[in-house]
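Under numbering that gives the first Met the number 0, the first residue of the sequence shown carries the number 0, and numbering increases by one thereafter.
Take a look at the structure set out below.
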Amino acid sequence: MNKRLWMAIVVGAVWCASLPQLATAQTSVAIIDMGVVFENHAAFQAQLERLRQEAAALKQQVAQEQQRLQARLEQVSAMYAPDSAEFLQAEKDLRTQDTNLMVDARAKVRQLTTEEARIHFETYQEVCKYIEAYCTKNNIRLVMRYAGGQMSLDDPESIMHQVNGAVVYHRPDRDITNAIVQIMKETKQGVGGK
0 MNKRLWMAIV VGAVWCASLP QLATAQTSVA IIDMGVVFEN HAAFQAQLER LRQEAAALKQ
60 QVAQEQQRLQ ARLEQVSAMY APDSAEFLQA EKDLRTQDTN LMVDARAKVR QLTTEEARIH
120 FETYQEVCKY IEAYCTKNNI RLVMRYAGGQ MSLDDPESIM HQVNGAVVYH RPDRDITNAI
180 VQIMKETKQG VGGK
């Protein structure tokens with residue numbers, strides 16, 4: 000047997016023997032349910048709750064102020080004739096106050112929305128660092144997001160969510176959601192600290 004042919008056979012045999020390892024290394028994929036991770040991120044949840052309370056307080060404050068303006072308009076209506084200069088001026092002032100109230104409320108809502116986006120962004124960045132560290136340690140090359148949960152005929156949205164999801168099947172041991180949640184808890188990042 001010629002030396003080149005012998006070398007080709009040896010190289011071919013080594014290459015074929017390594018195929019299963021190459022396939023495993025190239026397909027080391029995991030999945031994560033980011034919804035569950037965010038639900039278990041205590042600092043994130045606390046910040047969202049604070050925003051919800053601020054939004055509810057704003058809504059209540061606007062409603063009370065509108066009621067006050069409406070009561071004032073009714074008082075003016077009882078005091079002056081509808082075509083009098085006093086009535087027209089008071090009505091104009093009250094309408095201006097109402098408009099200013101709505102402009103201020105919309106500005107506050109935009110501020111709360113921006114704050115919510117910032118909270119999501121920062122939490123996502125933090126979680127991605129945990130995922131990267133975990134994947135580096137466990138030789139995982141790709142992580143795909145999926146939405147856990149079960150489909151229910153009583154909940155059409157759950158059906159469409161699963162049907163349109165990117166992950167159709169996964170082995171349970173490929174789901175790193177609980178591992179990431181546990182890492183967050185252990186580092187206190189997910190329980191209110193930073």
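Positions of the beta carbon are idealized from the N, C-alpha and C atoms, including for glycine.
Boundaries (first-last residue) of the alpha helix (DSSP H) holding I175: What you label residue 175 is simply residue 176 of the sequence shown in a count that begins at 1. Taken as a continuous stretch (DSSP letters only), I175 belongs to no alpha helix (DSSP H), as it is neither H nor E.
Between the CA atoms of L72 and A194 - distance to the nearest angstrom: No answer is possible for residue 194: it lies beyond the span of the chain, which begins at 0 and ends at 193.
Span separating the alpha-carbon of A80 from that of K91: For the purposes of this step, residue 80 is taken as residue 81 along the sequence shown, with counting starting at 1. For the purposes of this step, residue 91 is taken as residue 92 along the sequence shown, with counting starting at 1. Using only the alpha carbons, I get a separation of about 14 angstroms.
Spatially closest choice to Q46 from R144, L111, M183 and S157, by CA coordinates: For the purposes of this step, residue 46 is identified with residue 47 of the sequence shown, where counting begins at 1. Comparing Cα positions, the closest option is L111.
Inter-residue Cα distance where the pair is D174 and R140: Start at 1 with the first residue of the sequence shown, and residue 174 comes out as number 175. Start at 1 with the first residue of the sequence shown, and residue 140 comes out as number 141. Rounded to the nearest angstrom, the two C-alpha atoms are 14 angstroms apart.
Simplified DSSP assignment, three categories, for A24: Here residue 24 corresponds to residue number 25 of the sequence shown, with the count starting at 1. Confidence is the limiting factor: at A24 the pLDDT is only 48, short of 50, which leaves the residue's position unreliable, though a coordinate-based value still follows. Correct three-state label for A24: helix.
Span separating the alpha-carbon of A22 from that of L57: Here residue 22 refers to the residue found at position 23 when the sequence shown is read from its first residue. Here residue 57 refers to the residue found at position 58 when the sequence shown is read from its first residue. Annotation note: pLDDT 45 at A22 (below 50); position unreliable, no value reported.
The beta strand (DSSP E) enclosing V142, as first and last residue numbers: Here the question's residue 142 lines up with position 143 in the sequence shown. From DSSP, the beta strand (DSSP E) with V142 extends over L141 to R144.
Residue of Y168, V108 and E185 minimising C-alpha distance to I31: As a working mapping, residue 31 is identified with position 32 in the sequence shown. Looking at the Cα atoms, Y168 is the closest of the given residues.
Per-residue burial, T135 [other beta carbons within 10 Å of its own, 16 or more giving buried]: Mapped onto the sequence shown, residue 135 falls at position 136. Counting other Cβ atoms within 10 Å of its Cβ, T135 stays below 16 and is therefore classed as exposed.
Beta-carbon spacing of I179, I118 below 8 angstroms: Taking the sequence shown and counting its residues from 1, the one referred to as residue 179 is at position 180. Taking the sequence shown and counting its residues from 1, the one referred to as residue 118 is at position 119. Not a contact, by the Cβ cut-off of 8 angstroms.
A29 in three-state terms, based on DSSP: Position 30 of the sequence shown, counting from 1, holds the residue named residue 29. Looking at A29 - three-state DSSP - the assignment turns out to be strand.
C-alpha distance - A77 paired with V102, whole-angstrom precision: Here residue 77 refers to the residue found at position 78 of the sequence shown. Here residue 102 refers to the residue found at position 103 of the sequence shown. In a straight line, the C-alpha of A77 is about 28 angstroms away from that of V102.
Test item: CB-CB of Y145 and I182 under 8 angstroms: The sequence position of residue 145 within the sequence shown is 146, counting from 1. The sequence position of residue 182 within the sequence shown is 183, counting from 1. No, the Cβ-Cβ distance between Y145 and I182 is not below 8 angstroms.
Inter-residue Cα distance where the pair is R51 and D153: Taking the sequence shown and counting its residues from 1, the one referred to as residue 51 is at position 52. Taking the sequence shown and counting its residues from 1, the one referred to as residue 153 is at position 154. Rounded to whole angstroms, the separation of the alpha carbons of D153 and R51 is 28 angstroms.
Closest residue to Q44 among T122, R109, Q65 and A62 (Cα-Cα distance): Here residue 44 corresponds to residue number 45 of the sequence shown, with the count starting at 1. Minimum Cα distance to Q44 is reached at T122.
Residues that S151 bridges to, as DSSP identifies them: Taking the first residue of the sequence shown as position 1, residue 151 is located at position 152. Answer is D154.
Spatial distance of P171 from P155 (CA atoms): Residue 171 sits at position 172 when you count from the first residue of the sequence shown. Residue 155 sits at position 156 when you count from the first residue of the sequence shown. Going from the Cα of P171 to the Cα of P155 covers about 25 angstroms.
Contacts around M143, its chain only, beta-carbon distance under 7 angstroms, and the 5 residues preceding and following it disregarded: For the purposes of this step, residue 143 is taken as the residue at position 144 of the sequence shown. Around M143: V28, I30, A165 and V166.
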